[in-house]
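Working notes, structure below.
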Amino acid sequence: MDLKALVNIEWGLTSTNIMPIENGLINRTWLVRTPTADFILQNVNTIVFNDPIKLQEQLVFLAAQIEVPNLVPLHYLPTREGQYLLLTEGQTFRLARAISPGTTLYVATELNARLAVEALQEFHIALSKLDAHNWIAPIADFLNVAKRMASYDYAKAAALPERLAKATSVIRELEANWKMLLNWQQFLENQPQVLIHADPKLSNFLFHPNGKTVRALIDWDTIQLGSPFYDYGDMIRSYCSVGEDVLAGQSVFRKEIYEVIEEALCVDPYALWGAATGVIMVQALRFLTDYLENDRYYRVKDAEHNLRRASNQLKMVEELNAYWLTTQKQVR
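All the letters of the sequence shown, read from the start, carry residue numbers 0 to 331 under this note's numbering.
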């Protein structure tokens, strides 16, 4: 598809360059440059988001209503016909203003971790002021741990024999820690339900190029009702990891970042540890499920990418638990 023609015809923009942004796992994204401003074009994954019209309706409402004094909210642009979602040739597109200046960081530091916590807390406060009683989850059962476990069981039962064989050791390790998933499920069931971001990973925070302030928390597609502890745990999962590509024997958990996040959040440390282990275990479960289902959900680099991802998450849980025990962070 000619994307330059698309943005010109549908949004009236004369683009000088359109460049892919490769860090997203679900939607396809491009940076659209024009003589006057930059924009973000996205091809929404309608397999993952099966009601994109409702999704975009909620996000446009959110963008208009949310008040975040120290952050830049997303701003979506309608087409010439006044639509915030374009359906053409079997594909679904939307356009937003690029937040500039703004840069994505890929390595967590103690400074940017603390700044991100402050930004997330401001975002949570802003979300709490909105009327969310009719909010529809963009992905059904996204936070439902029991459903994730059931999907895994089904995937394992239906998996190709060769994939099942390659995953044997990862399956064994995951199932040995099954109780962590059950504990996390029980915790979430007893938590108040409020609007959360649900994907506050490092790459979803846009920083000023000087690295001293957070400009925006982006990628709102996952915003839904849930526990703030989910966001806290997911932040730890992202910020405290050294990344996917690690050498055998290399540590994957960054305790110094964990300690910064724990201090900045000022929440029950035991609940925070439980949230972190729960979220990381669920992510391991999701990667392994996708591997057993032949990589239908996440974009992968090779046939065993999701398997390595799952193994990486399990190792992170192991190191986080070892850190917790050796520092004697018990219930007070």
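Cβ coordinates follow ideal geometry from the N, Cα and C atoms, glycine included.
Computed from a predicted structure; not experimentally measured.
Determine the DSSP secondary structure at residue i, reduced to helix, strand or coil.
| i | result |
| --- | --- |
| TYR290 | helix |
| ASN189 | coil |
| GLY210 | coil |
| ILE25 | coil |
| TYR105 | coil |
| ASP152 | helix |
| ALA166 | coil |
| TYR83 | coil |
| PRO19 | strand |
| ASP37 | strand |
| LEU180 | helix |
| PHE141 | coil |
| VAL330 | The predicted position of VAL330 is uncertain, since its pLDDT is 46 and thus under 50; a value taken from the coordinates is nonetheless stated next. Coil at VAL330, not helix or strand. |
| ALA125 | helix |
Going along the chain, which residues of its own chain have a beta-carbon closer than 7 Å to the beta-carbon of residue i, five neighbours each way excluded?
| i | result |
| --- | --- |
| TRP134 | GLN57, LEU194, GLN223 and LEU224 |
| LYS146 | ASP140 |
| ASN203 | LEU216, ILE217 and ASP218 |
| GLU109 | GLU255, ILE256 and VAL259 |
| PRO100 | HIS207 and PRO208 |
For residue i, which beta-bridge partners are listed by DSSP?
| i | result |
| --- | --- |
| THR295 | Inspection of the sequence shows that residue 295 is occupied by Arg rather than by Thr. ARG295 pairs with nothing; no bridge assigned. |
| SER240 | PHE252 |
| GLY225 | VAL193 |
| THR91 | LEU86 |
| ARG32 | ASN16 and ASP37 |
In angstroms, rounded to a whole number, what distance separates the CA positions of residue i and residue j?
| i | j | result |
| --- | --- | --- |
| VAL259 | GLY89 | 46 Å |
| ALA302 | LEU159 | 13 Å |
| LEU5 | VAL213 | 32 Å |
| ALA136 | SER226 | 13 Å |
| ALA347 | ALA215 | Residue numbering for the chain in the displayed model covers 0 to 331; residue 347 lies beyond these limits and cannot be assessed. |
| ALA263 | SER168 | 37 Å |
| PRO268 | TRP183 | 15 Å |
| ASP152 | HIS196 | 28 Å |
| GLU121 | ILE235 | 18 Å |
| THR78 | ILE39 | 14 Å |
Leaving out the 5 sequence neighbours to the left and right, which residues in its chain are closer than 6 Å to residue i when beta-carbon positions are compared?
| i | result |
| --- | --- |
| ALA334 | Given a span of 0 to 331 for the chain in the structure shown, any question on residue 334 remains unanswerable. |
| VAL71 | ILE98, ARG214 and ALA215 |
I'd like the list of long-range same chain contacts for residue i, defined as Cβ closer than 8 Å, with 5 residues on each side in sequence excluded.
| i | result |
| --- | --- |
| PHE333 | An answer regarding residue 333 cannot be provided, because it is not within the stretch 0 to 331 covered by the chain. |
Does the beta-carbon distance from residue i to residue j come in below 8 Å?
| i | j | result |
| --- | --- | --- |
| ILE25 | LYS3 | no |
| TRP177 | LEU94 | no |
| LEU12 | THR28 | no |
| VAL144 | LEU119 | no |
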